[in-house]
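The numbering used here puts the sequence shown at residues 23 to 445.
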Amino acid sequence: MKYLRAGYLAAICISSLLFLSPLSSFAQEKEISIKVAEKVPLLENPHTSGDDGCPFCHVKVKVKVDGRETELLKLTESRDKLCDKCHTLGEEHEVDPFPYSLPGLKKQMKKRGILTGTEKITCLSCHDEHAASGRLFQLVTSADNFYIESKRIDPHWRRGYCFACHNKDAEKYPSSFKRKGDIEKVCGNCHDAISGDMLIHATGMAPSREIKSRMPKSFKLSPDGKIGCLTCHELKYQCLEKEYERKGADPRFFRGGPYQSRTDLCYKCHKKQSYGRLNPHDQINDEGELMEDVCLYCHAELPDPRIDKGISNVKFVVNDLKELCQRCHRDRPHPGGRFINFDHLVTPSPKIRFFMRHSEKMNNVALPLEPDTGKIFCATCHNPHERGVLRGRYDKGADGPQRLRLGSGFEICSACHADKTGM
23 MKYLRAGYLA AICISSLLFL SPLSSFAQEK EISIKVAEKV PLLENPHTSG DDGCPFCHVK
83 VKVKVDGRET ELLKLTESRD KLCDKCHTLG EEHEVDPFPY SLPGLKKQMK KRGILTGTEK
143 ITCLSCHDEH AASGRLFQLV TSADNFYIES KRIDPHWRRG YCFACHNKDA EKYPSSFKRK
203 GDIEKVCGNC HDAISGDMLI HATGMAPSRE IKSRMPKSFK LSPDGKIGCL TCHELKYQCL
263 EKEYERKGAD PRFFRGGPYQ SRTDLCYKCH KKQSYGRLNP HDQINDEGEL MEDVCLYCHA
323 ELPDPRIDKG ISNVKFVVND LKELCQRCHR DRPHPGGRFI NFDHLVTPSP KIRFFMRHSE
383 KMNNVALPLE PDTGKIFCAT CHNPHERGVL RGRYDKGADG PQRLRLGSGF EICSACHADK
443 TGM
């Protein structure tokens, strides 16, 4: 039914382009008459319906030239507006963001022969509206390399996007990978930029005998016996529609998945006890002794916790103290996340500073500011230390809920915004 709307465009436009020449130029010199189709058939896809699909985008224009009547087809609107009637401005388009706003797109498309001269980027730059190519999504052949080289396409779990990685019909030729069949290069086209971070494994090395002894049989090595993308990922899960039900539980199509945590996959080959993540907030051992090496995760030199020096008298490994927290905690609008997202990492006004100092005295708590800038930072509200490391007011909030120095709820807010809480 969504295509039905486009059919009635036949009654509304005279000002668009003819296939052969602009209608406006004919109107100035020639006598014209318009014949509009009165009834548009219901079709599933006007692109593949032959002559029956023409009224969805065209009207017939009879033009008299030197007394002879000639019939032409005219678009009822500009090409892109016609496409948008059914496709809603590239909804679910494979390129993200939508290509019209992609920097340098036009230059790249000209380089690959998709555009010529001063031609504008339109839907038809990559798609054949008459389906003459007979290809999926009516893609023109010249668009293939652009898509794979653009690094903007995500083919995973998406029916029909095989052309991003394959040269031929993937169902008939599952090994027909681009990049001369080098699967590491195919994956690396998009994933190289993040392969050194985000827990993504490096590739190209031969596993040790110890690692191989623990590696599950379903984990595959490359033909030369090295770690590759297919060692941990089973591509067919996200390629075949019959496997799509796996997506919710195993979105990264890990072999042997789903896993409760991504690191559970790592421990199929690696010893878990050898790869425990450091928790810099765990600062006292089971014997009650301070673990001094943990302190040096944030501090440039070991502070003496027995002496009340204040934050201005201790040294840190970086000047921008929020960076210490963002090593592990992702930066996001804060505090409150979903409902309150004001930027609090600023220099407080004199009024706010007055309330903060008043709150410190009234609640016997420390609300430190960044020494070099006087800005609020993460530890202004959150106590990063383990309970018992510091003393008195500096110890408040340690190991508490969210490590808040004045408890959860709006108690911590009232430390700075006392005039809004009736304090």
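Don't be surprised by glycine CBs; every beta carbon is placed ideally from N, CA and C.
Keep in mind the model is a prediction, meaning the values are calculated, not measured.
Given S155 as reference, the closest of T70, T225 and N301 once Cα atoms are compared: T70
Those residues which DSSP pairs with E93 across a bridge: K84
Through-space distance from N341 to Y319, alpha-carbon basis: Rounded to the nearest angstrom, the two C-alpha atoms are 14 Å apart.
Nearest residue (CA-CA) to D176, options F199, C212 and F159: C212
Rounded separation between L312 and R415 - CA only: 19 Å
Alpha helix (DSSP H) runs contained entirely in the stretch 264-333, provided each spans 4 or more residues: 284-288 and 314-317
Distance, R375 Cα to V368 Cα: Each residue's alpha carbon lies about 12 Å from the other.
At least 3 beta-carbon pairs within less than 8 Å: the stretch 198-212 vs the stretch 275-288: no
beta-carbon L146 near the ligand FAD non-hydrogen atom, thresh 7 Å: Among the components modelled here there is no ligand, and therefore nothing to report on the ligand FAD.
Where F376 sits in the DSSP three-state scheme: helix
According to DSSP, residues forming a beta bridge with H255: F276
Those residues which DSSP pairs with L389 across a bridge: DSSP lists no partner for L389.
Start and end residues, alpha helix (DSSP H) containing I434: E433 to S436
Chain-order list of residues whose beta-carbon lies under 6 Å from that of I434 (same chain, five-residue window excluded): C403, L426 and L428
Exposure of L287, with buried meaning 16 or more beta-carbon neighbours within 10 Å: The residue in question, L287, is buried, as its Cβ has 16 or more Cβ neighbours within 10 Å.
Nearest-angstrom beta carbon gap, N405 and R419 [assumed within contact, 8 Å]: The sequence given here has Gly at residue 419, not Arg. With a Cβ gap of about 4 Å, G419 and N405 count as contacting.
Secondary structure of H188, DSSP reduced to three states: strand
F241 (DSSP reduced to helix, strand or coil): coil
Rounded distance between the beta-carbons of K248 and G278, thought under 8 Å: Not quite, the Cβ-Cβ distance comes to about 20 Å (not below 8 Å), so this is no contact.
Cα-Cα separation between H16 and C145, rounded to whole angstroms: With the chain covering 23 to 445 only, the question about residue 16 has no answer from this structure.
Alpha helix (DSSP H) segment containing V208, residue limits: I205 to H213
Cα-Cα separation, D365 to A401: Inter-residue distance for D365 and A401 is about 15 Å (C-alpha atoms, whole angstroms).
Environment of D417 [buried if 16+ CB atoms lie within 10 Å]: buried
Beta-carbon proximity list for P393, same chain, < 8 Å, skipping 5 on both sides: I333 and S334
Residues of its chain near C148, where Cβ-Cβ distance is below 7 Å and the 5 sequence neighbours each way are ignored: I136, L161, V162 and A165
Residue of P68, T98 and G72 minimising C-alpha distance to K82: T98
Identified DSSP bridge partners for F78: The partner list for F78 (beta bridge, DSSP) is empty, contrary to what the question assumes.
Range covered by the alpha helix (DSSP H) that runs through I233: R231 to R236
Cα-Cα separation between Q130 and C187, rounded to whole angstroms: Spanning the two alpha carbons is a distance of roughly 19 Å.
C-alpha distance - H80 paired with K132, whole-angstrom precision: 29 Å
Simplified DSSP assignment, three categories, for L428: coil
Of the listed residues D326, H321, D304 and R409, nearest to E345 (C-alpha basis): H321
Own chain, CB closer than 7 Å to Y266, minus 5 neighbours either side, in chain order: W179
Selection from R101, S197, Y183 and E193 that minimises the alpha carbon distance to E151: R101
Option in F338, K294 and C438 with minimal Cα separation from V387: C438
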